[in-house]
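Asks: Dropping the structure in here first, questions after.
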Amino acid sequence: MEQVPAKNEMASHSPAWNIITSYNGPKVRIMEVCGTHTHEIFRLGIRHILPPAIELISGPGCPVCVTPVSFIDEALLLALEHHVTLCTFGDLVRVPGTKMNLADARSSGANIRIVYTPLDAYLYAKNNPEQQTVFLSVGFETTVPAACLAVKKAYADGLTNFSLLTANKTMKNAYRALKRSANAFLYPGHVNAITGTALCESLTQEGISGVITGFTANELLTALAVILTKTKEGRPFFYNCYPRVVTQDGSKTAQSLIAEIMEPCASEWRGLGIIPQSGLKLQPIYKGFDARLRFHLPALTGRSDPACRCGDVLQGKCKPTDCKIFGNRCRPEHPIGACMVSNEGACSAYYQYGGNL
Amino acid sequence: MCVGLAARVLNIKNGIALVDASGAKREISAELLDELDPGDYVMVHAGIAIAKITNDDKAETDAIMEAL
Ligand code: SF4
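In order, the protein sequences belong to chains S and F. Every letter in the first sequence is one number past the one before it in the working numbering, and letter 232, counting from 1, is 232. Each number in the working numbering comes from the position in the second sequence (counting from 1) with 1000 added on.
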């Protein structure tokens, strides 16, 4: 399983490379908030060049991973008892609910369709007016605009057979909740493409440091070098290392679309519990598109496998390899926890790339 | 599900852009971006273009390291 580091993609002996490999300062804990960062860092072999004083830990930035078990249970209820058509991103299908996952439900006859975008779910509802269609709306600021666009179009068309089961999340209060987990965050660049830089810039006043970064070898090495250099200065810092995608203002159009369709609410994160004002739900005017209200869903309390340590993994409290069932009972082809399901999950990254670092 | 794709716009009509993401062609919504032209690069998430980007990470990171 061990991968050969993709060194050819890395500018070895570039200034950033030299800063990282010659680092001999105090221990620095850096949290990769975004699951795609975790995977790219593994794939590129960046962990192989880090001195022992630099510790990379995984964070809560995979939407599939942070979605709680109760959300899957709600989706199962909609599919099996209300007989709706569920439209979902593919990863969610294999996330275990309390008793089964959505793939099991499909084998029992539930109508579950994998979509690439919420707009496909809206089109399916429009073309199948006799069928109640529910989109499983997970994801952060990057994905929310597409879900909002789908609701806006459904509203304009007067659709009465389309709704969202929402578990959308926003990052700012999660950074606050994880403040003590790391010395600095690698902020997820694409969230900031929507929100702009102000969101993370303002966190320095609360003692939270980090840099926004992209996903190429150059960008990741540069971000790590900036963190090491700024950490030495001893003050909370912020740096935008991804200016080709992230601007100060972000996307005003996306921000106003989100504000028009959704409003902040408390939200449950797997492992982190309920974080105030960290979720999004539909604005009152669009509540006709809220699947929980349309189908009068009861409040559910999901239960994960007692051995699963996803909650600790998502907070950087343990490594996936510290979980007793990692690689034996829990594997990508048979995931026990959400972090082993998605390609962005930390457990799946550790499994895929050898789990030895 | 959260993976963003950098893609090149091939053509654009009525808010729908045909893009090329590393050889895979796909139609996406371009409703969030104004003034998009063929040849531009965009970041795509969940079927919509979320930002117009430049495709050169080298110039970007060189400038950051120089400023450091
Ligand atoms: S290895 Fe599996 S069971 Fe263990 S924490 Fe990761 S996802 Fe959960």
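From the three backbone atoms N, C-alpha and C, an ideal C-beta is built for every residue, glycine too.
I'd like to confirm something about Ile72/S: is its beta-carbon nearer than 7 Å to some heavy atom of the ligand SF4, or not?
Replies: Outside the cutoff, so no.
Asks: Would a check of beta-carbon distances place Glu1060/F closer than 8 Å to chain S?
Replies: For Glu1060/F, the answer is yes, since a Cβ of chain S falls inside 8 Å of its Cβ.
Asks: Give the range of the beta strand (DSSP E) segment to which Ile336/S is assigned.
Replies: Where Ile336/S is concerned, there is no enclosing beta strand (DSSP E), given that its DSSP letter is neither H nor E.
Asks: For Val4/S, does the count of other Cβ atoms within 10 angstroms reach 16, so buried, or fall short, so exposed?
Replies: Low confidence applies here, because Val4/S scores a pLDDT of 42, under 50, leaving its location unreliable; read the following figure in that light. Classification for Val4/S: exposed.
Asks: So, under 8 Å CB-CB, Met340/S and Leu178/S are touching, yes? Tell me the CB distance rounded to an integer number of Å.
Replies: That belief does not hold up - the Cβ atoms of Met340/S and Leu178/S are roughly 21 Å apart, past 8 Å.
Asks: Hey, would you say the C-beta of Ile57/S is under 7 Å away from at least one heavy atom of the ligand SF4?
Replies: Not under cutoff, so the answer is no.
Asks: Based on the DSSP output, what are the partners of Arg1026/F in its beta bridges?
Replies: DSSP output for Arg1026/F lists Val1019/F as bridge partner(s).
Asks: Measure the alpha-carbon distance for Thr85/S versus Asp290/S and round it to whole angstroms.
Replies: Straight-line Cα distance between these residues: approximately 15 Å.
Asks: Report the three-state DSSP secondary structure of Gln315/S (helix, strand or coil).
Replies: Note: Gln315/S maps to coil in three-state DSSP.
Asks: Pick from His190/S, Asn183/S and Leu300/S: whose alpha carbon is nearest that of Lys27/S?
Replies: Comparing Cα-Cα distances from Lys27/S to each of His190/S, Asn183/S and Leu300/S, the minimum goes to Asn183/S.
Asks: Count the other CB atoms within 10 Å of the CB of His48/S; is the residue buried (16 or more) or exposed (fewer)?
Replies: So His48/S ends up on the exposed side.
Asks: With 7 Å as the limit, tell me which residues of the segment 37 to 66 of chain S have their beta carbon closer than that to any beta carbon of chain F; keep them in chain order.
Replies: Within the segment 37 to 66 of chain S, the qualifying residues are Cys62, Pro63 and Val64.
Asks: Quick check on the DSSP output: the beta strand (DSSP E) that includes Val1042/F runs from which residue to which?
Replies: Val1042/F -> beta strand (DSSP E) spans Tyr1041 to His1045.
Asks: For the beta strand (DSSP E) that contains Thr213/S, what are its first and last residues?
Replies: That run of the beta strand (DSSP E) goes Gly210 to Thr213.
Asks: Flag this pair as yes or no: are the beta carbons of Leu123/S and Ala147/S separated by less than 8 Å?
Replies: Result no, Cβ atoms of Leu123/S and Ala147/S do not sit closer than 8 Å.
Asks: In the DSSP assignment, find the unbroken beta strand (DSSP E) run with Ser278/S in it and report its ends.
Replies: Taken as a continuous stretch (DSSP letters only), the beta strand (DSSP E) holding Ser278/S covers Gly273 to Leu282.
Asks: Is any heavy atom of the ligand SF4 found at a distance shorter than 7 Å from the C-beta of Val313/S?
Replies: Indeed, a heavy atom of the ligand SF4 lies less than 7 Å from the Cβ.
Asks: Let me know if Gln132/S comes out buried or exposed under the rule of 16 or more other beta-carbons within 10 Å of its beta-carbon.
Replies: Buried is the call here.
Asks: Please name the residue, chosen from Arg270/S, Phe295/S, Ile46/S and Thr195/S, that lies closest to Arg309/S on a Cα-to-Cα basis.
Replies: The shortest C-alpha separation from Arg309/S is found at Arg270/S.
Asks: Looking at the C-beta of Leu1005/F, does it have a partner C-beta in chain S at a distance below 8 Å?
Replies: Chain S contact via Cβ: absent.
Asks: Which residues in chain S sit within 7 Å of Ala1051/F, going by Cβ to Cβ distance?
Replies: Within 7 Å Cβ-Cβ: Ala193, Val245 and Ser251.
Asks: Please tell me whether Pro118/S has its Cβ less than 8 Å away from any Cβ of chain F.
Replies: With 8 Å as the cut-off, Pro118/S counts as an interface residue toward chain F.
Asks: Does the beta carbon of Pro15/S fall short of 7 Å from some heavy atom of the ligand SF4?
Replies: No, since every heavy atom of the ligand SF4 falls outside the 7 Å radius drawn around the Cβ of Pro15/S.
Asks: Would you tell me roughly how many angstroms separate the C-alpha atoms of Thr88/S and Thr253/S, rounded to the nearest one?
Replies: Distance between the alpha carbons of Thr88/S and Thr253/S: 25 Å.
Asks: Let me know the secondary structure DSSP gives Tyr175/S once reduced to three states.
Replies: Correct three-state label for Tyr175/S: helix.
Asks: What is the rounded straight-line gap between the Cα of Arg329/S and the Cα of Asn343/S?
Replies: C-alpha separation (whole angstroms): 18 Å.
Asks: So that I know if they touch, is there some Cβ in chain F lying closer than 8 Å to that of Pro264/S?
Replies: By this cut-off, Pro264/S is not an interface position.
Asks: Just to check, is the beta-carbon of Gly337/S closer than 7 Å to a non-hydrogen atom of the ligand SF4?
Replies: Within the cutoff, so yes.
Asks: Residues in its own chain within less than 8 Å of Ala6/S by CB, not counting five upstream and five downstream?
Replies: Unreliable positioning characterises Ala6/S in this predicted model, as indicated by a pLDDT of 49, which lies under 50. The coordinate reading is nonetheless provided below. So the list reads Arg43, Leu44, Gly45 and Ala217, once near-sequence residues are dropped.
Asks: Please list the partners that Glu1031/F has in chain S, where partner means a Cβ-to-Cβ separation under 7 Å.
Replies: The answer, in chain order, is Leu149.
Asks: Is it true that the CB of Cys62/S sits closer than 8 Å to the CB of Gly302/S?
Replies: Taking 8 Å as the Cβ cut-off, Gly302/S and Cys62/S do not qualify as a contacting pair.
Asks: Does chain S have any CB closer than 8 Å to the CB of Leu1068/F?
Replies: Leu1068/F counts as touching chain S.
Asks: CB Gly1039/F to CB Ser1029/F, shorter than 8 Å?
Replies: Cβ distance not < 8 Å, so Gly1039/F and Ser1029/F don't count as in contact.
Asks: Based on Cα-Cα distance, which residue from Pro276/S, Leu149/S and Val144/S lies nearest to Lys172/S?
Replies: Taking only the C-alpha atoms, the option nearest Lys172/S is Pro276/S.
Asks: Using 10 angstroms around the beta-carbon of Glu268/S, count the other beta-carbons present and answer buried if the total reaches 16, otherwise exposed.
Replies: Classification for Glu268/S: buried.
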